[in-house]
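Below: the structure, in structure tokens.
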Amino acid sequence: MFYVDAHCHIEDKAFNKNRDEVVERAKKENVIIVTSGASLGGCLRALEFKKKYGIYLTLGYHPSRVKADDKVVNKVYNIIRNNKDEILAVGEIGMDIKDENYERQEEIFKKFLTLAEELDKPIVVHARGFEEKIFEIAKDKVEIMFHCYSGDIELAKKIGEEGGLISISTLICFSEHHKKLVDSLDLEYLTTETDSPYLSPIKGAKNEPRNVKLVVEEIAKIKEMDVEEVKNTIYKNTCRFFRRRL
Ligand SMILES: [Zn+2]
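Under UniProt numbering, the first residue of the sequence shown is numbered 1, with each subsequent residue one higher.
Below, the structure written as structure tokens:
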């Protein structure tokens, strides 16, 4: 059975020097990689690496890129539309409270949400500080995976009940909030991710998809379950969400 890294950035330039090895190491450990294009250049590179490595793909536009003009946003929009058969979902898209211009963030988010509806795809969201808002806007339209969810437990339960997924990242290795979240939530509501090259659980090292094993092990410890059982359930949850066998 497979581990699932449901959200990472293999196309990130941080992997330019050792991308082949990083993917190889993940494959050796049976880690399924879902890479997430999050900018114009990132989406183009992600498409290229999907083909090169046989990994899975989501394409979107990160809320931190709020300053870009419509030309850039529209290019990404068209790339997604023209590659709908290549992607599992639209994302990452969303809003971030630490970035500026919330109105523009919301406008761009809604544009990609409408595209996801049109393409009949689920979405993967980055919703720091806007978890409730994003859920309210999108819940009746598409299924939502909350990448690196850091909101409260009550909302996480509602998300799970609506068929969404809470993605637990490598932050769980040192965050009490994330441990509590896992403790309070049904395993059926969860998936796992590394957000590589970010959120490294190992000091001084870049994060990479094979580290998703650490997330699964941590969940197993908290839930007092078998690692294999957790791994299998996460795999099933993620396939259900993306509506296909990975
Ligand atoms: Zn990300």
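Glycine is no exception: its CB is placed at the ideal position from the N, C-alpha and C atoms.
Since residue i contacts residue j with CB under 8 Å, what's their CB separation in whole angstroms?
i    : j    : result
S175 : C148 : With a Cβ gap of about 10 Å, S175 and C148 do not count as contacting.
T238 : T194 : So it is not a contact: roughly 14 Å between Cβ atoms.
K141 : L113 : 6 Å
K231 : Y3   : 6 Å
A89  : P122 : 5 Å
G60  : G91  : 4 Å
I159 : F135 : 6 Å
A46  : G37  : 4 Å
E29  : K157 : The pair is not a contact, with the Cβ atoms about 31 Å apart (cut-off 8 Å).
C153 : L181 : The question names Cys, but residue 153 in the sequence shown is Ile. I153 to L181, Cβ: 6 Å. Contact.
In this structure, does DSSP put residue i in helix, strand or coil?
i    : result
S187 : In the sequence as displayed, the identity of residue 187 is Leu instead of Ser. It is helical.
L246 : coil
L44  : helix
Y53  : helix
Y149 : coil
F241 : helix
D20  : helix
H178 : helix
P209 : helix
L214 : helix
E162 : coil
Y198 : coil
K203 : coil
I172 : helix
I10  : coil
E228 : helix
Decide if residue i is buried, meaning its Cβ has at least 16 other Cβ atoms within 10 Å, or exposed.
i    : result
K98  : exposed
H7   : buried
N211 : buried
H177 : exposed
R19  : buried
E224 : exposed
A127 : buried
K203 : exposed
E161 : exposed
A138 : buried
A116 : buried
D85  : exposed
G94  : buried
E48  : exposed
S184 : exposed
Return the bridge partner residues of residue i from the DSSP annotation.
i    : result
I32  : V4
S167 : T191
L155 : Beta-bridge pairing links L155 to no other residue.
T58  : S36, A89
Hey, would you say the C-beta of residue i is under 7 Å away from at least one heavy atom of ligand 3?
i    : result
E224 : Inclusion of ligand 3 in the displayed structure is not the case, the ligand content consisting of ligand 1 alone.
Report the start-end ranges of each alpha helix (DSSP H) in the region 61-146 that is 4 residues or longer and not cut off at the edges.
Along the length of the region 61-146, whole alpha helix (DSSP H) runs at least 4 residues long occupy 70-82, 102-119, 131-138, reported in chain order.
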